[in-house]
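J.: So the sequence shown is residues -17 to -1, 1 to 130, counted in mature numbering (1 follows the signal peptide of the UniProt record, and there is no 0).
Built from N, CA and C at the ideal position, the CB exists for glycine as well.
If you're wondering where the values come from, they're calculated on a predicted model, not measured in any experiment.
Just passing along the structure, written as structure tokens.
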Amino acid sequence: MKKFLLFILLPFLFACSKENSTEDVYGYEVECEQCHINYLDANERVVSLKGQSKRWKIDFPNAVVYELDVTAQTLVSNTNNMHVYITKNGSRISSHSGLTEATTSYTVSSRGGGGGTTASGYCGAPTKKGGSCTRKVAGGGRCWQHK
């Protein structure tokens, strides 16, 4: 009887230990009518995608990621906002929207112990010249001038 119970409980013991060792999976999502996308891959190289449309998504499973940065620039004049997101385990952790350009970034702390993270992005407020403000802001939101 003891062997039977051990045989039944053994898979549950291994399943619990496997869940605790999973790594975080980071990625990007972009929503736009038609745009160019530039992003940092898991090796921190800039990758450019031309003419993406609707929804685009990429994840970096099994990769140690420290810096994430994604930018989308529209190719058509429209009144719809573009949206860029950085995801962690499928949840959006950093985002930004804009009419002509949208950029967001995220830095994963490499410190041991607490493993804290800090989020940063760009202001993105419309400028007089028709572009977007490119000042970096901590934790998202607007810069000092556009609050």
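1) List the endpoints of the continuous beta strand (DSSP E) containing Val13.
2) Mapping DSSP to helix, strand and coil, what is Leu32?
3) Between Asp24, Pro44, Cys116, Ala46, which lies nearest to Asp52 when the distance is taken from Cα to Cα?
4) So, helix, strand or coil for Leu51, using DSSP?
5) Have a look at Ser78, Val91, Arg118 and flag the residue whose alpha-carbon is nearest the alpha-carbon of Tyr49.
6) Count the other CB atoms, across all protein chains shown, that sit within 10 Å of the CB of Thr101; report buried if there are 16 or more and exposed otherwise.
7) So, with DSSP's three-state summary, where would you put Pro44?
T.: Working from what's here:
1) Run containing Val13: 9 to 23, per the beta strand (DSSP E) assignment.
2) It is a strand residue.
3) Residue Asp24 is the option with its Cα nearest to Asp52.
4) Residue state for Leu51 is assigned as strand, using DSSP reduced to three classes.
5) Cα-wise, what sits closest to Tyr49 is Val91.
6) Residue placement at Thr101 is poorly supported in this model, since its pLDDT is 46, which falls under 50; the coordinates are not used for a value here.
7) Reduced to three states, the DSSP call for Pro44 is coil.
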